[in-house]
Amino acid sequence: MGDQVELRCRCGEVRALVSGASPRTVNRVVCYCDDCQAFAHRIGRADLLNSQGGSDIVQLAPASLTFLQGQHRIVGLRLAPKGLFRWYASCCNTPVGNTLTPAIPFVGIVAQAFDHATHRADDVFGPPTGAILGKYAIGEPPAGSTGLNLPLLLRAIGKVLGWRLRGKAWPHPFFRKGKGEPAYPVTVLSREEREALRPLCGPNPAAGAAR
Ligand SMILES: [Zn+2]
Ligand SMILES: [Zn+2]
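In terms of our numbering, the sequence shown opens at residue 54 and continues consecutively.
Structural data, given as structure tokens:
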């Protein structure tokens, strides 16, 4: 049924455990969208993007992720008032989970947060199963990343529905049960702040200093 694997921010202050970790219990996808790129730039972690601006994301069930320490460092960022909640550890600006509201239960975590001295994300979750939103990729879009990837989409929907039906939405690592309010402080970018990030992002970054 999979193993326990540790999630750790870069400096080690924020730690969490993922239970039941295996290639079958998660969705691992490289996302090239400009929102993921903008978020990485905003928190000064463009180092987490691949050479074409992609974010390697492991999507898993909310209830499978439990924070062990450093919770007081967790904060959330939304690029727009209705955008994804992008949670990160403010000690070293390591992303620790992208979510929607708990009604659509999933947590997307950058794969690098699972790379440790003893094992790497690949060992636990297997390699990414695909790439999406390649139209925002910097340079030639990776093969299969631009069109609608139906198998990948169906797999993602199936996973989220399954987690919901099997009660894996709660406890949610980032929301309080009840009214479903965020458990940590959330900042929403102004339109100006969001727009200011666009020149850094694909498909055609205008700012030469992007990396
Ligand atoms: Zn940290
Ligand atoms: Zn994205």
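Built from N, CA and C at the ideal position, the CB exists for glycine as well. Keep in mind that this is a model prediction, so the values were computed, not measured.
- Spanning the alpha carbons of Thr147 and Pro204 requires a straight line of approximately 30 Å.
- Considering only Pro194, Arg244, Pro235 and Gln105, the residue with the shortest C-alpha distance to Ala156 is Pro235.
- A direct Cα-to-Cα measurement between Thr171 and Pro195 gives close to 30 Å.
- These are the residues, in chain order, with a beta carbon less than 5 Å from any non-hydrogen atom of ligand 1: Cys62, Cys64, Glu66, Ala142, Cys144 and Cys145.
- Apart from the 5 residues on each side of it in sequence, Arg173 sits with its Cβ closer than 8 Å to the Cβ of Phe167 in its chain, given in chain order.
- Scanning its chain for C-beta atoms nearer than 6 Å, with the 5 sequence neighbours on each side dropped, one finds around Ala74 the residues Gly55, Asp56, Val58 and Val177, in chain order.
- Here Arg126 has Cys62, Glu66, Val67, Ala142, Ser143 and Cys144 as same chain residues with Cβ atoms under 8 Å from its own Cβ, once five neighbours each way along the sequence are excluded.
- Considering only Val71, Ile185 and Pro180, the residue with the shortest C-alpha distance to Asp87 is Ile185.
- Assignment of Glu59 by DSSP, reduced to helix, strand and coil, places it in the strand class.
- In the DSSP assignment, Gln112 falls within the unbroken beta strand (DSSP E) covering Ser108 to Leu113.
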